[in-house]
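J.:
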Amino acid sequence: MLDKTLRMNYLFDFYQPLLTEKQQNYMTRYYLDDYSLGEIADEYEVSRQAVYDNIRRTETMLEDYEAKLGLLEKFEARRSIFAQLRDYAKKDDRGQLLNELTDQLEKLD
0 MLDKTLRMNY LFDFYQPLLT EKQQNYMTRY YLDDYSLGEI ADEYEVSRQA
50 VYDNIRRTET MLEDYEAKLG LLEKFEARRS IFAQLRDYAK KDDRGQLLNE
100 LTDQLEKLD
């Protein structure tokens, strides 16, 4: 399992368009820019508790979206399959072609 920050960053990447502008701003500041709750609260002139509550609700929403849509799970499964294909290509005489095809598949993501 990914650590929480990395997982939230991935979920945010996949589901960001489904969030409000305020949710996007708070999550960007907290997870991507590494702002503290206090810094975010000062920037938006709200309480630390308001920022904390918004971030926790947004995290829950992101996890709900993932439970329903599974985009991160599918992404991780594809990455695993690509890694297996690359390992196989190193062992096989037709490895060059397999590597090229794997590269083409990865570019589709």
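The numbering of the sequence shown is numbering that gives the first Met the number 0, which starts it at 0 and goes up by one. Don't be surprised by glycine CBs; every beta carbon is placed ideally from N, CA and C.
On the CB-based measure, 16 or more other CB atoms within 10 Å of its CB, does Leu104 come out buried or exposed?
T.: Within the sequence shown, numbered from 1, the residue matching residue 104 stands at position 105. It is exposed - the Cβ of Leu104 has fewer than 16 other Cβ atoms within 10 Å.
J.: In chain order, what residues of the same chain lie with their CB nearer than 6 Å to the CB of Leu70, ignoring the 5 residues before and after it?
T.: On the sequence shown, position 71 is the one that residue 70 refers to. These residues qualify, in order along the chain: Phe13.
J.: Is the Cβ-Cβ distance between Leu36 and Tyr51 less than 7 Å?
T.: Reading the sequence shown from its first residue, position 37 is the one you call residue 36. Reading the sequence shown from its first residue, position 52 is the one you call residue 51. In contact: Leu36 and Tyr51 (Cβ atoms closer than 7 Å).
J.: Which residue's Cα is closest to the Cα of Arg55: Met26, Gln95, Glu65?
T.: Here residue 55 refers to the residue found at position 56 when the sequence shown is read from its first residue. Here the closest residue by C-alpha is Met26.
J.: Just verifying my parser: in three-state terms, what is the DSSP assignment at Leu68?
T.: Along the sequence shown, read from residue 1 onward, the residue named residue 68 stands at position 69. Reduced to three states, the DSSP call for Leu68 is helix.
J.: Can you tell me where the alpha helix (DSSP H) holding Gln15 begins and where it ends?
T.: Here residue 15 corresponds to residue number 16 of the sequence shown, with the count starting at 1. Counting along the chain, Gln15 falls outside any alpha helix (DSSP H), and DSSP gives it neither H nor E.
J.: Can you tell me where the alpha helix (DSSP H) holding Tyr25 begins and where it ends?
T.: Along the sequence shown, one-based indexing puts residue 25 at 26. Segment 20-26, the alpha helix (DSSP H) holding Tyr25.
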